[in-house]
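Take the sequence shown: its letter number 157 is residue 844 in the working numbering, and every next letter is one higher.
Following: one structure in structure tokens, then a few remarks.
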Amino acid sequence: MEQNVSTTNGIITFNMMAAMCHNNRGIGYQGDLPWPKLKADFEYYLKTTSTHKKDSSLMIVHVHGRKSWAGCTDFQASYGGVYHIVCSQSRDPSIKTHPNLLTVAGSVPEALEYIADLNRNGKLDSVWIMGGAGIYQECLSHPLCGRIYLTHVYKDFPSDTFFPPFDDDFREKRRHFRYLSRRRRYFFRI
Ligand SMILES: NC(=O)c1ccc[n+]([C@@H]2O[C@H](COP(=O)([O-])OP(=O)(O)OC[C@H]3O[C@@H](n4cnc5c(N)ncnc54)[C@H](OP(=O)(O)O)[C@@H]3O)[C@@H](O)[C@H]2O)c1
């Protein structure tokens, strides 16, 4: 999905990466994904969000809510040498440390201001919003929100966290493959 926006004040547009149950819009359950691991989607997620456009000395930055960051494995956090910003109003001292964690931001605007500084200094490759729900909600209506990369899972797993509805400013740009999950009980589409 793509929204037409322009780059302003040195702040580049950001993209969002998410996967949701097609009908109930579930994205999370008890701190994890609602569904058992989908290998093809996981590989797609890593490749899409963690590959440099040109120069690997530039930074790819992922923005996470505190709980999503807690569920991010070391493998994911380190993959492709990406860097991370965690949003937390409480700035909870138990937030997981990582060599590639740039900062804990008290708000999404604070995270974007940090990112704008990186961009003004010519250090930035791309920016990905990685969820969860509150971060997605705020970023969906942000003027710098570019694309949503949204996997649809065609089975409604029990969920306690949901992808917010988004408006008609977004139009579908491209539809990738349709996969059958390993257990052959449901499809998912990237
Ligand atoms: N399917 C997917 O694509 C996907 C992607 C990401 C996550 N998930 C799943 O979603 C669940 C986690 O998402 P969640 O929505 O429950 O939690 P979350 O957004 O990851 O984390 C919530 C915490 O982040 C901080 N936060 C959120 N919005 C903020 C804002 N606007 N400004 C400052 N801080 C903010 C707050 O931390 P403080 O309390 O410290 O202030 C809040 O308590 C997990 O189950 C995870 O597996 C799924």
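Glycine residues also receive a C-beta, built at the ideal position from the N, C-alpha and C atoms.
Treat the numbers as computed from the prediction; the structure is a model and nothing was measured.
Boundaries around residue 761 are those of the alpha helix (DSSP H), 761-765, since no beta strand (DSSP E) includes it. Going by C-alpha positions, residue 842 is about 44 Å away from residue 808. A straight-line Cα-Cα distance of about 20 Å links residue 740 and residue 863. Ligand 1 has no heavy atom closer than 8 Å to the beta-carbon of residue 807. Remark: the C-beta of residue 858 is outside contact range of ligand 1, defined as less than 8 Å to any heavy atom.
Our two residues, residue 832 and residue 847, have alpha carbons roughly 25 Å apart in a direct line.
Shown here, residue 802 sits in a helix according to DSSP, grouped into three states.
For the set 830, 724, 756 and 840, the Cα lying nearest the Cα of residue 770 is the one of 756. Partner residues in the beta bridge of residue 811, as assigned by DSSP, are 746.
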